[in-house]
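Participant: Residue numbering for the sequence shown follows this note's numbering, starting at 222 and increasing by one per position.
Each residue gets a CB set at the ideal place from its N, CA and C atoms; glycine is no exception.
Have a look at this one before I ask anything.
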Amino acid sequence: MPAPLESSVVRIYSKSQKVVGAGFLVSSKYILTCAHVAADALGISRTTQEQPEGVINLDFPLLAVKQMFAAKVIFWQPVNPNQAFEDIAGLELETDLPDTAQPAQLVTSEDLWGHPFRVLGFPAGQPNGVSASGVLRGRIANGWVQLEDVKQPGYRLEPGFSGAPVWDEELQGVAGMAVAAEMNRADVKAAFIIPTGILVSAWSDLGKQAIPSCPYRGLFAFREQDAQFFFGRETFTEQLVAAVQRQQLVAVIGSSGSGKSSVVFAGCVPQLREQGDWLINLFRPGERPFRNLAAALVPLLETQMSETDQLAEINKLAKTLRLGDVGLQDVVTRILEKNSSTCLLLVADQFEELYTLCKDGSECQLFLDRLLEALNEARNFRLVLTLRADFLGYALSYRPFADALQNTDVKLGPMNRQEFQDVIEKPTQKQGVKMEQGLTKRILDAVGEEPGNLPLLEFALTQLWKKQRDGKLTHAAYDAIGGVEKALSNHAEEVYAQFSVLEHKQAQKIFIQLVRPGEGTPDIRRQATRAEVGEENWDLVKRLADERLVVSDRKKTTGEAQEETVEIVHEALIREWQRLRKWMKEDRAFRLWQERLRTAMRQWETTDKDDGALLGGFLLSEAEAWQQQRLAELSQEERVFIQLSLALRDREKNERIRLRQHITLGLVIGLSITTALAVFTYWQWRLAEAKLHEIAVEQEHRNLANQIAKVSLVSETEGFAVTNLSMTKEAVWMTLVTSKDEGNQEGKGLMRYDLLKGGTQTYLEGNSVTALLVEKKDIWVGVSKGGVRHLRHGSFQNGDWKFTDELVSAPGFVSSLVRDQQNRLWVGTFSGVCLQKSGQCQIINEIQSLCPALADPSVKLQVYQMIFDTQRSVLWIATDRGLVRWSLEKLSGCYWDKNERRSPIDSLPDSLKSITLDNSGHLWAGTSTGEAKRFAKGIDTPARTDDIWDNYHVTSEQVTAIAALPKGFFLAGTRHNGLFLYSTTTDTWLQVPLDLKKIQTLYNIVLGSDNHLWFATERGLYRSVTPIQIGGN
């Protein structure tokens, strides 16, 4: 219940201390109730015409102070159907009020139809009170207003509610006093109130307490019924109406908070209705655009159906439209025939939801196709959509829709000063309220002409309206709310300050669920379900809704079921409330993961909950870690999804164990059977082994001879001759002599690579190190459970490396780390390319937008590896979509797309997994097909040939890491514990013995400035104990 109402409700007692009804405080000493309630309290007839005497006992049941107060009747309008005013009593308190008691805010309005209400009463058997809610209807002959309880469960108004203040959720004030209930018919849940206008007319002392209904909308958009108070956009409204009459598609494009929805609903729609022959409905795309579109069409198509039947029909129509079995144009035609209308107008409000909430890119395109088909074929169909300007790029990324938007959009810019002045002054003039001298100019100076300030202005005016005195808005009241700049954040902080310590924690959990964190785009609001917010937090949600910080609603699901939802009242709250911004900064990593989890859940549900769509591998490990940390903030559905994924992993693990056991048992049995033969065959086996070893040695010698022959062919041009080439468990080495002085043994030198002769030292064991940047005294690593971590050490020899407290939060799996010439840290992730700023990783949208296929924000650019080319000041990025060349000087780049074969490179290796630059500036790439490829042309020269890559086959596995070494050598790491050394001189690959505790994947190989080799793997970080030896001896 709203705080102003809680502090005003009174409970009235009879002389026998029985609760007989309710009342409410209307000033510092006056209380209003029904005359028949006061009569019951005094024990006299309800039809007594003379003003009674005597003391009435009452208390304030919702305040902490438990004290009985005495009052006497000072105003009396008894029950008398023949009088203009009846059944009203005014009481005056004989003692001082408790400090926490506050008078109710009375509001007057000529039209209450459809306004939701709530009320607290004390029916028989409920002395502590119960709440009822419903919808206000129209006036009856005696001026009373009918109300109706439209919900199925819960209390309705009945005896015991009389005298209670009825709170109008729409007007945010007391719209009247409960007076009578329909009790003759059990099937009718109706009652009546005396509206505030009659109460004020009857008792003149209430005049100063009542204010006209607020003409401002705060953070809500203006609606069709608010058209009489909608000012400032008259010129644009005329242009919009003309555009709708002229063309079939109209896109209203403007910045967030510019008033797009208001100008459509309160400006354009009322004018079209006045013309007649227009059938109008609206929808928002949401997560399921086809279903939401169908939900807007079915009530127009099946007007006689019950809500339950309509719900089933909505699901059928959504499926039919998606499959194309029935065209949208056919549905439009049938709707117009049944409603005898000339034209159907659908308003698609907040069209950016198609790109932010609908995660299926193919579904989005199909939805657009269906809309465009209908617009092309149904001449009597109009579509008006509102779209935030920062999402226009997403709309233009789909060519058919981009073509349709040509010359069909109207751009809504910020208001000028005169338009803002009309917004401020004209609604007050219409309601007969004055502005104190100079207040309008003061407000205008604060607003300026900045885009996005309109909702802040409307909210400030709404708060100012509540503080009017004697029909005037004052400077003092404007100062009290904090002005335009601080009104919203001050209100949020005032509400937050009323909460307990426990409620502070609950509020944070609620609000972070109502914000969808942006990755390179601003955070936006999201609609959360009751389950997502938490059942234990829902009472606080109701209080936040009372304070107009959030908006609760009910969303139909299946059958009679309805799902309660909540969302932030306006995105301006996300932008302006610093506490909420702080919460999102603290919880950004968790919320980003949680949104990815929900996307995975939706995909699982669309596959009929197939096990193949459950989480696995890294995604499951990530989910398990977050579940351990934030279990209380996961909904039941999210917990079940994770548990099913874990159960599947455990089943598969157990199946592997059982398989190994069966194999082991078979081997044991087989070994038992063959034991008797073992002695007999032992010497024969030894002879065979020796023979095989002899053959292997001969083959190795032949291979080495071939390699030496290759080197000899190249040696004349290189100035060297190879005399020895070999590999041992400790090193790969080759001996070279200058061909110009073969007879001079002093000119002979040994070129030897000792790679892992001294073994390796393990760091961060148990951590999956997915990315690596080695600097002189610092190391930055990407770890699967912690974003980007910083390590510092004191001694290479002691291996004393530990995490510091420095942590960079990164969105998703970190795959690459580089530092540019300006000493900035770039982070490659499976969500895009980021730049470190103040401990956070900011997605670089310009890089993402280079690829048209990534226009859908739900599709992320997966970065495998990045390298920085200092000579050209260029960042090279290997991604799942191809290769990106990004200039740090020009802040621009190009996309070398392997699928669409775009210029400058027409052919890229399939699925680049790793890249590096050699000393000569050639670009090398490791691929998913086990090859190392070198770009044969100059990397600054556009090429349009198919043979621009030199191919070198390494292995059958993915080449996940590649690193250039001095003297024309390379190391290539593979997915399953493979390491290969390549010589560009001889075009020869040699496998290097490697056993880093049976690792599965090498993510990065780095040669440090001290010639130590570093390996980033899924089981830790490894460093060669001794430097690799390069050069002669």
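Leaving out the 5 sequence neighbours to the left and right, which residues in its chain are closer than 7 Å to Q857 when beta-carbon positions are compared?
Facilitator: The residue given as residue 857 occupies position 636 in the sequence shown. Within the same chain, Q857 has close Cβ partners A752.
Participant: Can you give me the start and stop residues for the beta strand (DSSP E) that W334 sits inside?
Facilitator: Position 113 of the sequence shown, counting from 1, holds the residue named residue 334. Note, W334: premise wrong, no beta strand (DSSP E); not H, not E.
Participant: Whole angstroms is fine: what's the gap from T321's alpha carbon to E227's?
Facilitator: Stepping through the sequence shown from its first residue, residue 321 is reached at position 100. Stepping through the sequence shown from its first residue, residue 227 is reached at position 6. About 10 Å.
Participant: Smallest Cα separation from P738: which of I702, A698, D808?
Facilitator: Position 517 of the sequence shown, counted from the start, is the residue given in the question as residue 738. Checking every option, the nearest Cα to that of P738 belongs to D808.
Participant: With DSSP collapsed to three states, give me the class of S477.
Facilitator: Numbered from its first residue, the sequence shown carries residue 477 at position 256. It is coil, neither helix nor strand.
Participant: To the nearest angstrom, how far is it from the Cα of N875 to the Cα of E986?
Facilitator: One-based indexing of the sequence shown puts residue 875 at position 654. One-based indexing of the sequence shown puts residue 986 at position 765. Going by the C-alpha atoms only, they are around 26 Å apart.
Participant: Specify whether the stretch 317-334 and the stretch 284-293 touch according to this definition: at least 3 beta carbon pairs, one from each stretch, less than 8 Å apart.
Facilitator: As far as the Cβ criterion goes, the stretch 317-334 touches the stretch 284-293, which means the pair count is three or higher.
Participant: According to DSSP, W1210 sits in a beta bridge with which residue or residues?
Facilitator: Position 989 of the sequence shown, counting from 1, holds the residue named residue 1210. Note: W1210 sits in a beta bridge opposite Y1203.
Participant: Would you call the CB atoms of A517 and F504 closer than 7 Å?
Facilitator: Taking the first residue of the sequence shown as 1, we reach residue 517 at position 296. Taking the first residue of the sequence shown as 1, we reach residue 504 at position 283. Yes, the pair counts as a contact, with Cβ atoms nearer than the cut-off.
Participant: Relative to the C-alpha of E391, which candidate in A353, A256, W365, F441 has its C-alpha closest?
Facilitator: Residue 391 sits at position 170 when you count from the first residue of the sequence shown. Selected option, being the one with the closest Cα: F441.
Participant: For the candidate residues V484, A1184, Q571, V471, whose alpha-carbon lies nearest to that of E455?
Facilitator: For this step, residue 455 is matched to residue 234 along the sequence shown. It is V484 whose Cα lies nearest to the Cα of E455.
Participant: Under three-state DSSP, which class holds Y619?
Facilitator: For this step, residue 619 is matched to residue 398 along the sequence shown. Collapsing the DSSP output to three states places Y619 in coil.
Participant: What does the alpha-carbon distance come out to for the pair D1041 and G394?
Facilitator: The residue you call residue 1041 lines up with position 820 of the sequence shown. The residue you call residue 394 lines up with position 173 of the sequence shown. Looking at the two C-alpha atoms, the distance is approximately 60 Å.
Participant: Say whether the stretch 527-544 touches the stretch 444-451, bearing in mind that this needs 3 or more beta-carbon pairs closer than 8 Å, one atom from each stretch.
Facilitator: A contact between stretches requires three or more CB pairs, one per stretch, nearer than 8 Å, and the stretch 527-544 fails this requirement with the stretch 444-451.
Participant: Looking at the unbroken beta strand (DSSP E) that takes in T1181, where does it start and where does it end?
Facilitator: As a first step, residue 1181 must be located in the sequence shown, where it is residue number 960. According to the DSSP assignment, T1181 belongs to the beta strand (DSSP E) that extends over 1180-1186.
Participant: Taking 7 Å as the limit between beta carbons, can you name the residues of its chain near L869, skipping five residues before and five after?
Facilitator: Position 648 of the sequence shown, counted from the start, is the residue given in the question as residue 869. Cβ neighbours of L869 beyond the five flanking positions: D832, L835.
Participant: From the DSSP output, in three-state form, read off M656 for me.
Facilitator: For the purposes of this step, residue 656 is identified with residue 435 of the sequence shown, where counting begins at 1. M656 falls in the strand class under three-state DSSP.
Participant: Go through the stretch 259-318 residue by residue and report every complete run of the beta strand (DSSP E) that reaches 3 residues or more, in order.
Facilitator: If one requires a minimum length of 3 residues, the beta strand (DSSP E) runs lying completely within the stretch 259-318 are 277-280, 290-298, 309-314, in chain order.
Participant: State the start and end residues of the unbroken beta strand (DSSP E) segment that holds R1287.
Facilitator: With the chain represented from 222 up to 1254, any question about residue 1287 goes unanswered, as that position is not in the structure.
Participant: Could you have a look at D1090 and say whether DSSP puts it in helix, strand or coil?
Facilitator: Within the sequence shown, numbered from 1, the residue matching residue 1090 stands at position 869. Residue state, collapsed to three classes: strand.
Participant: Considering only their Cβ atoms, is the gap separating I731 from V705 smaller than 7 Å?
Facilitator: Taking the first residue of the sequence shown as position 1, residue 705 is located at position 484. Taking the first residue of the sequence shown as position 1, residue 731 is located at position 510. No, the pair does not count as a contact, with Cβ atoms beyond the cut-off.
Participant: According to DSSP, is S561 helix, strand or coil?
Facilitator: Locating residue 561 in the sequence shown gives position 340, counting from the first residue. Of the three classes helix, strand and coil, the one that applies to S561 here is coil, per DSSP.
Participant: Could you give the DSSP three-state label for A401: helix, strand or coil?
Facilitator: One-based indexing of the sequence shown puts residue 401 at position 180. Reduced to three states, the DSSP call for A401 is strand.
Participant: Among I1098, R1093, G1103, which residue has its Cα nearest to the Cα of K1111?
Facilitator: Here the question's residue 1111 lines up with position 890 in the sequence shown. Answer by Cα proximity: R1093.
Participant: Report all residues from its chain with a CB closer than 8 Å to the CB of I1183; omit the five preceding and five following residues, and keep chain order.
Facilitator: Position 962 of the sequence shown holds residue 1183. Closer than 8 Å at Cβ, skipping near neighbours: S1135, I1136, T1137, W1145, A1146, G1147, A1153, F1191, L1192, A1193, G1194, I1226.
Participant: Straight-line CA distance for I419 to G428?
Facilitator: For the purposes of this step, residue 419 is identified with residue 198 of the sequence shown, where counting begins at 1. For the purposes of this step, residue 428 is identified with residue 207 of the sequence shown, where counting begins at 1. Cα to Cα, I419 sits roughly 11 Å from G428.
Participant: When the Cα atoms are used, what is the spatial distance from E756 to T750?
Facilitator: Along the sequence shown, one-based indexing puts residue 756 at 535. Along the sequence shown, one-based indexing puts residue 750 at 529. The alpha-carbon atoms of E756 and T750 are separated by roughly 10 Å.
Participant: Thinking C-beta only, is V258 closer than 7 Å to G384?
Facilitator: As a position in the sequence shown, residue 384 is number 163, starting the count at 1. As a position in the sequence shown, residue 258 is number 37, starting the count at 1. Yes; because the gap between Cβ atoms is below 7 Å, this pair is in contact.
Participant: Flag this pair as touching only if the stretch 345-360 and the stretch 309-317 have three or more C-beta atom pairs under 8 Å; answer yes or no.
Facilitator: Flag = no, the stretch 345-360 and the stretch 309-317 do not touch.
Participant: Can you list, in chain order, the residues of its chain with a C-beta nearer than 7 Å to that of E646? Leave out the 5 residues immediately preceding and following it.
Facilitator: Residue 646 sits at position 425 when you count from the first residue of the sequence shown. Excluding positions up to five away in sequence, the list reads M656, T661.
Participant: According to DSSP, is L737 part of a helix, a strand, or is it coil?
Facilitator: What you label residue 737 is simply residue 516 of the sequence shown in a count that begins at 1. Looking at the sequence itself, residue 737 is Arg, so the reference to Leu does not match. Strand.
Participant: Where do the ends of the beta strand (DSSP E) carrying A345 lie?
Facilitator: Within the sequence shown, the letter at position 124 stands for residue 345. Unbroken run through A345: none, as it is neither H nor E.
Participant: Here's a check: name, in chain order, each residue in its chain whose Cβ is nearer than 7 Å to the Cβ of L1186, leaving out the five neighbours to either side.
Facilitator: Locating residue 1186 in the sequence shown gives position 965, where the first residue counts as 1. Contacts found: L1192, L1228.
Participant: Check whether the stretch 545-554 touches the stretch 588-597, taking contact to mean three or more Cβ pairs, one atom from each stretch, closer than 8 Å.
Facilitator: yes
Participant: For K651, which residues of its own chain have a beta-carbon under 8 Å away from its beta-carbon, when the five flanking residues on both sides are left out?
Facilitator: As a working note, residue 651 is residue 430 in the sequence shown. Cβ neighbours of K651 beyond the five flanking positions: P436, Q449, F450.
Participant: Would you say G375 and P344 are within 7 Å of each other, going by their C-beta atoms?
Facilitator: On the sequence shown, residue 375 is found 154 positions in, with the first residue counted as 1. On the sequence shown, residue 344 is found 123 positions in, with the first residue counted as 1. No, Cβ-Cβ distance for G375 and P344 is not below 7 Å.
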